[in-house]
Amino acid sequence: MVLINAETLSTLRRSVGFTFEGMLFMELDENAAELCADSDIVWTALEVKSPVEGKICIAFEKSLAIKIAESLFVLSGEELGDDVVFDAVAELVNIISGHFMKEVLPGDKVFELSIPETGEGCPPEMEEPTHEENFSVADRPFSLFISGAQLM
Amino acid sequence: MKKVVVADDSKTARMFIVKCLEIAGAKDAEFVEVKDGLEAYEFVCNNKCDLLVTDLNMPKMSGKELLEKLSDDSTLDELSCIVITSASNEARDKELLKLGADAVLSKPISPMSVAGIIEVLF
Chain A
928 MVLINAETLS
938 TLRRSVGFTF
948 EGMLFMELDE
958 NAAELCADSD
968 IVWTALEVKS
978 PVEGKICIAF
988 EKSLAIKIAE
998 SLFVLSGEEL
1008 GDDVVFDAVA
1018 ELVNIISGHF
1028 MKEVLPGDKV
1038 FELSIPETGE
1048 GCPPEMEEPT
1058 HEENFSVADR
1068 PFSLFISGAQ
1078 LM
Chain B
16 MKKVVVADDS
26 KTARMFIVKC
36 LEIAGAKDAE
46 FVEVKDGLEA
56 YEFVCNNKCD
66 LLVTDLNMPK
76 MSGKELLEKL
86 SDDSTLDELS
96 CIVITSASNE
106 ARDKELLKLG
116 ADAVLSKPIS
126 PMSVAGIIEV
136 LF
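Okay, here's the thing in structure tokens:
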């Protein structure tokens, strides 16, 4: 783990808060405990492909991922199914990443993100240097991992 | 009735876009949801549509490729096109507007951010 640039960290936190509040009307807690490794975890990762390279991954407790999908679709978890839950968190991470990149890059640089990849269990390995940031919403924790020296 | 095609590989994004457009005034429109640019292109070529709302980053055909295809086809000149993407910034927006997009909006959109567009179209 490395120390991330303070301004970048502040932008990252702002992007997460902006997206949760804008899409879900959920207030973000930035002082959360680490995600428990024993929990059921749903993660979404995407690559920053240009003009810099890096990766952003967010791992959610599955109960939070379900709550996110329920809030977006105004349906219960049983009605939604795992594919919709995965899709909802993928879109959320896509928007957080886009907001973050828009804020950290100069406006004259076009940036490219990959299509998000989502799975259950341990999040994928991230290349060093990686920074981990822990948040929670509705008392449920989630962890954001960001890798790529040019992103920090 | 206006026909609106919403192209995004995310079901969540499509649902969110349709909901925002409806709240913003497009309640009576017919919405057709497609998962990629190719499906969107095939649909607008074969059906009379009023508005295409597209994402950028999609499998099979990206939103940028879709705009290029549309600008090459003079039969689709009257189709309005809005790009709604998480990868929007000043440089990207300029590029997409030059390719023929009528507007570029950053995700997440809100009913307020699409209201102006709906007012012009509906």
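Sequence order for the protein chains is A and B. Residues in the first sequence are numbered consecutively from 928, following the working numbering. Residues in the second sequence are numbered consecutively from 16, following the working numbering. Each residue gets a CB set at the ideal place from its N, CA and C atoms; glycine is no exception. None of these values were measured; they are calculated from a predicted model.
**OP:** Using the Cα positions of Glu54 (chain B) and Asn958 (chain A), report the straight-line distance between them to the nearest angstrom.
**Re:** Each residue's alpha carbon lies about 44 Å from the other.
Original post:
What residues in the stretch 1008-1020 of chain A bring their beta carbon closer than 7 Å to a beta carbon of chain B?
Top reply: Listed by position, the residues of the stretch 1008-1020 of chain A near chain B (Cβ gap below 7 Å) are Val1011, Asp1014, Ala1015, Ala1017 and Glu1018.
Subject >> Candidates A:Asp1035, A:Val1016, A:Cys984 and A:Ser1063: closest to Thr1057 (chain A) by CA position >> reply: Cα-wise, what sits closest to Thr1057 (chain A) is A:Cys984.
Original post:
So, Ser103 (chain B) versus Lys989 (chain A), is the Cβ gap smaller than 8 Å?
Top reply: In this structure, Lys989 (chain A) does not lie closer than 8 Å to Ser103 (chain B) by Cβ.
Original post:
In chain order, what residues of the stretch 90-106 of chain B put their CB closer than 8 Å to some CB of chain A?
Top reply: For chain A, the residues of the stretch 90-106 of chain B that bring a beta carbon within less than 8 Å of one of its beta carbons are Thr100, Ser101, Ala102, Ser103, Asn104, Glu105 and Ala106, in chain order.
Original post:
If you run the structure through DSSP and keep just helix, strand and coil, what is Leu1071 (chain A)?
Top reply: It is a strand residue.
Original post:
Given that Ala41 (chain B) touches chain A, what residues does it touch there, using C-beta distances under 7 Å?
Top reply: Result: empty, since nearest Cβ-Cβ is about 19 Å, beyond 7 Å.
**OP:** Output the residue ranges of the alpha helix (DSSP H) runs that lie fully inside the stretch 978-1049 of chain A and measure 4 residues or longer, sorted by chain position.
**Re:** 989-1000, 1004-1007 and 1009-1031, all fully within the stretch 978-1049 of chain A.
Subject >> Neighbouring residues, chain C, relative to Leu1040 (chain A) (Cβ below 8 Å) >> reply: Absent from the structure: chain C. Protein chains present are A and B.
Original post:
Which residues, taken in chain order from the stretch 24-58 of chain B, show a beta carbon closer than 8 Å to some beta carbon of chain A?
Top reply: Answer in chain order: Asp24, Ser25, Lys26, Thr27, Ala28, Met30 and Phe31.
Original post:
How do the stretch 1031-1045 of chain A and the stretch 972-980 of chain A stand: do at least 3 beta-carbon pairs fall below 8 Å, yes or no?
Top reply: The answer is yes - the stretch 972-980 of chain A touches the stretch 1031-1045 of chain A, with three or more Cβ pairs under 8 Å.
**OP:** Could you spell out where the alpha helix (DSSP H) holding Ile97 (chain B) opens and where it closes?
**Re:** Membership of Ile97 (chain B) in any alpha helix (DSSP H) is not indicated; the residue belongs instead to the beta strand (DSSP E) covering Ser95 to Thr100.
Original post:
If we count Cβ pairs, one from each stretch, closer than 8 Å, do we get three or more for the stretch 936-947 of chain A versus the stretch 963-976 of chain A?
Top reply: No, the stretch 936-947 of chain A does not touch the stretch 963-976 of chain A.
**OP:** Measure from the alpha carbon of Lys18 (chain B) to the alpha carbon of each residue in B:Phe46, B:Ile38, B:Lys34 and B:Cys35, then state which is nearest.
**Re:** Checked all of B:Phe46, B:Ile38, B:Lys34 and B:Cys35; the closest Cα to Lys18 (chain B) is B:Phe46.
**OP:** Mind listing the chain A neighbours of Glu110 (chain B)? Cutoff is C-beta to C-beta under 8 Å, in chain order.
**Re:** Within chain A, the C-beta atoms nearer than 8 Å to that of Glu110 (chain B) come from Val1037, in chain order.
**OP:** Could you say which of B:Thr27, B:Leu114 and B:Ser125 lies nearest to Val1001 (chain A) if we only look at CA atoms?
**Re:** Out of B:Thr27, B:Leu114 and B:Ser125, B:Thr27 has the C-alpha closest to the C-alpha of Val1001 (chain A).
**OP:** Examine the Cβ distances between the stretch 1064-1075 of chain A and the stretch 991-1000 of chain A and report whether three or more of them are shorter than 8 Å.
**Re:** Yes, the stretch 1064-1075 of chain A is in contact with the stretch 991-1000 of chain A.
Original post:
Where does Leu36 (chain B) sit, in a helix, a strand or coil, going by DSSP?
Top reply: Here Leu36 (chain B) sits in helix by DSSP.
Subject >> Cutoff 8 Å: Pro126 (chain B) Cβ touching any chain A Cβ >> reply: For Pro126 (chain B), the answer is no, since every Cβ of chain A falls outside 8 Å of its Cβ.
Original post:
Taking 8 Å as the CB-CB cut-off, is Lys75 (chain B) touching chain A?
Top reply: It does not; no Cβ of chain A falls within 8 Å.
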